[in-house]
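Each remark here refers to the structure printed beneath this line.
Residue numbers (my numbering): 1480 to 2453.
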């Protein structure tokens, strides 16, 4: 009787719980029409729910997920910053990570995510603030509980407020020399001061220094309401369990009646019509950007998206395109166009063109060509086949979508989830629905010279324009000059350019989406079987057929080794970079239509050769592959084109001296890690000697002697792979580059007893950087596993100590690398306040303290097992899609001599590692007895108000001479 009573009580409790959960949400009907056809998603189920507090959630359940995760988008952003506190919404975003009532430890959330193989981040836009995380599947529920507490009762501890303000300042400082952000802030400066787009949205210590705990709490309570929140969740949990769990966790988020922020006022100034804004860049940047602000209605045309069709034509790179015409006249190198939703009702269409030197000097002609192209669209209209091709490709990409990195996928949802009704999301965001010629024509009617904001960012020596104005927040120097009367009159009577035309039908649009062999597709994840097609003195080729992802795509890779491409010769590196730009330009008219049809290629310089990769739909892969190889081996250079590409690569090399201190320190480290490595500074110097005559001599010898390695993977048969192989062999087989003569990558082995070492250098860039590399020359799969676990465990404590507590910099990181079977552990900080030597001392102090705590407060056995299981999961599923698997197979082919069992060996090494071995290896790797240490200390420019550096006194006399002495003053009491 007692047992029956207990069972009855349990049933009553369970029934009550189910009814409560059901009452907490209602189902949102699914109105999307397109099914996902990817085999890897066959077991995926989705649900859309609306909680009783108004929060809407899109839930995705898939038992095959590598990681689970969530993204919460709050419809409140920087446009709602109080006038007295610019940047408050961004600051509040930072503060939500600093502890909640349920989880008061300010580092607990981030540490839990990190130890369980995940990552976390957030970003603030004009109208939204977005938070996201990913984590191992078995830790999802605990992570989500911590995550959900952000939106209930954050603490906003006063100590955290004062410390995190320094992080905001460091984030602000790192953007001061970013030319894209600098241009964006000039654009903001020129907008209507009454419009929120004009405001300073990042914030810094000056704008936020008076912000208190109560200020943050009030803004949070006023703006963070459940009915303004949208959630997306990826989880391996069954869909019904996921619905109940999410509802239980989020139904108690407060909700109030705040309406979403809306601003319908125009932002762009009318007084800049007929004027050009000239911006002085930090780097050797040469860009023309044209902006048009469009009426608010265009921000919400989610069904017809006229901006996508217009940008498709403006940004087209094929034959008779705007870019092809500009390239023909040696005015431009590249071009992009698109729509940008800068706020709920602020919609901007832009065209950005990378200019040659001639293009900067003759920028009026470039502007005119843009307006002529728009005029042609206005007169001819956009033909229906353009819409049909765009829609076809968007449908294919949606229905045959690949598994992507879960964190990246969630991040992308943050930009779009507030812009579409949940009933159809994300189908309308991803796929254009209807062709609306009237909307296209209406949008084109606004894309006139009179409505345009014209920005030229280029050095004074080319523009001839001296800056006369300065933007307030980034200190950007700029000038505003009127368009000449003649040019203004010309723009009023534009005629289409005869050599620029609307794109023809795209022959690369795939029509055959069949799999070569559906019987090979398995339910269980594994690296595909790899077969050697050919192995001789001149080449080695492999073939692997997709056995899991089940999409009609390929991933091919080819490495062409040649003595003319080596890392030890800066001039050869320069010639290779010029050659690659040249080949890509020649291919553009042919390859761009393929890219628009989901088939794209890449050509890259590697340490000892040139790598070609091809990724995308399989149907036309062979066709494009043949054209790529043909252009590579038959290139005929001209002095005029050569000059353009030489100037382009030279700018890239020289710009590295103006890169961030951290980027510069990494380049310096690479030059020391590898015996043969041409630095950007060396290539910049060599480019001055790179004559056209020498280039042609190099080009004639480029493929005289080669050794090729190729991997053909994806939706293709062995006979198709052999056909591609024979074509490749025929293209490159002249003479043999013997393996005995091929240069091997030699990596540094620091002396065991003479270190540690540091190298201190100066840069003119803003900020300082410290980079510490600790080497372990012993390699085994067990030691590699220990390295991964150790650096995973140490990552969050290092960040917490150096960033959250000590506030040494905004960029704080630590990570592990394996290069040529040598293990390297790296610690980095970029700082706008701390001396590099000071940072290095803090690194070593942290490491010493951490090692004293391992086995106690740090790297406990429980943490060890948690991290180990998370890393094992990553090793079991190392690639998310065809492209990633193709990249992995190519790396195993080249870097590990075709050892396709390498990942299995890594996994076994991880499985065999014991906790006691872990503790011992950790101390050996990072302990003071390991003197194989090298630090790169880069001393840059920091504000005097932030500088704090000890100065070495030569002797006692120096101190006496620079100081003064005072006696104490006698104080009389009344």
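C-beta: ideal position from N, C-alpha, C; glycine also.
Do you know offhand how far residue i's Cα is from residue j's?
| i | j | result |
| --- | --- | --- |
| residue 1509 | residue 1528 | 10 Å |
| residue 1506 | residue 1720 | 14 Å |
| residue 2123 | residue 2046 | 24 Å |
| residue 1987 | residue 2031 | 14 Å |
| residue 1503 | residue 1548 | 22 Å |
| residue 2051 | residue 2167 | 13 Å |
| residue 1798 | residue 2069 | 8 Å |
| residue 1931 | residue 1758 | 17 Å |
| residue 2290 | residue 2339 | 27 Å |
| residue 2125 | residue 2360 | 37 Å |
| residue 2252 | residue 2393 | 26 Å |
| residue 2265 | residue 2389 | 8 Å |
| residue 2282 | residue 2029 | 44 Å |
| residue 1814 | residue 2084 | 23 Å |
| residue 1518 | residue 2027 | 8 Å |
| residue 1578 | residue 2418 | 34 Å |
| residue 1694 | residue 1725 | 30 Å |
| residue 2447 | residue 2331 | 46 Å |
| residue 2280 | residue 2325 | 8 Å |
| residue 1950 | residue 1643 | 26 Å |
| residue 1665 | residue 1818 | 19 Å |
| residue 2440 | residue 2306 | 40 Å |
| residue 2410 | residue 2323 | 12 Å |
| residue 1872 | residue 2317 | 54 Å |
| residue 1482 | residue 1639 | Residue placement at residue 1482 is poorly supported in this model, since its pLDDT is 33, which falls under 50; the coordinates are not used for a value here. |
| residue 1499 | residue 1553 | With a pLDDT of only 38 at residue 1499, under the threshold of 50, the placement of this residue in the model should not be trusted; the figure read from the coordinates follows. C-alpha separation (whole angstroms): 26 Å. |
How should residue i be labelled, buried or exposed, when 16 other C-beta atoms within 10 angstroms of its C-beta is the threshold for buried?
| i | result |
| --- | --- |
| residue 2118 | exposed |
| residue 1562 | exposed |
| residue 2385 | buried |
| residue 1565 | buried |
| residue 2228 | exposed |
| residue 2267 | buried |
| residue 2315 | buried |
| residue 2274 | buried |
| residue 2213 | exposed |
| residue 1738 | exposed |
| residue 1786 | buried |
| residue 1442 | Residue numbering for the chain in the displayed model covers 1480 to 2453; residue 1442 lies beyond these limits and cannot be assessed. |
| residue 1842 | buried |
| residue 1853 | buried |
| residue 2444 | exposed |
| residue 1496 | With a pLDDT of only 34 at residue 1496, under the threshold of 50, the placement of this residue in the model should not be trusted; the figure read from the coordinates follows. The residue is exposed, with fewer than 16 neighbouring Cβ atoms inside 10 Å. |
| residue 1779 | exposed |
| residue 2320 | exposed |
Considering only C-alpha positions, which residue in the set the options is nearest to residue i?
| i | options | result |
| --- | --- | --- |
| residue 1631 | 1729, 2200, 1843 | 1729 |
| residue 2090 | 2038, 2076, 2066, 2079 | 2038 |
| residue 1952 | 1914, 1668, 2152 | 1668 |
| residue 1909 | 1926, 1879, 1923, 1921 | 1879 |
| residue 2368 | 1968, 1950, 2188, 2347 | 2188 |
| residue 2312 | 1613, 2152, 1994, 2285 | 2285 |
| residue 1863 | 1916, 1989, 1985 | 1916 |
| residue 1662 | 1936, 2162, 2363 | 1936 |
| residue 2130 | 1835, 2336, 2148, 2149 | 1835 |
| residue 1584 | 1546, 1628, 1551, 1824 | 1628 |
Please look up how many angstroms separate the CB atoms of residue i and residue j, rounded, as I've assumed it's under 8 Å.
| i | j | result |
| --- | --- | --- |
| residue 1762 | residue 2134 | 4 Å |
| residue 2171 | residue 2121 | 5 Å |
| residue 1851 | residue 1975 | 6 Å |
| residue 2226 | residue 2153 | 6 Å |
Starting from the N-terminal side, write out each stretch of the alpha helix (DSSP H) that is 4 residues or longer and does not extend beyond the segment 1577–1624. When DSSP assignments are scanned along the segment 1577–1624, the uninterrupted stretches of alpha helix (DSSP H) that are 4 or more residues long and fall wholly within it turn out to be 1587–1594.
Continuous beta strand (DSSP E) assignments of at least 3 residues falling wholly in the segment 2166–2230: With a minimum length of 3 residues, the continuous beta strand (DSSP E) runs that stay inside the segment 2166–2230 are 2184–2193.
Length-filtered (4 minimum) alpha helix (DSSP H) runs lying within the segment 1504–1579: Here the runs fully enclosed are 1567–1574.
Can you list the alpha helix (DSSP H) stretches of 4 or more residues lying completely in the segment 1914–1995, in chain order? Taking only runs of at least 4 residues, the alpha helix (DSSP H) segments lying wholly in the segment 1914–1995 are 1916–1925, 1939–1942, 1964–1971.
Considering only residues of the segment 1704–1761, which uninterrupted alpha helix (DSSP H) runs meet the minimum length of 4 residues and lie entirely inside it, listed in chain order? 1718–1729, all fully within the segment 1704–1761.
Report the start-end ranges of each beta strand (DSSP E) in the segment 2340–2422 that is 3 residues or longer and not cut off at the edges. Correct list: 2412–2420.
Which full runs of the alpha helix (DSSP H) of 4+ residues lie inside the segment 1645–1691, going along the chain? The segment 1645–1691 is shown to contain whole alpha helix (DSSP H) runs of 4 or more residues at 1658–1669, 1684–1687, in chain order.
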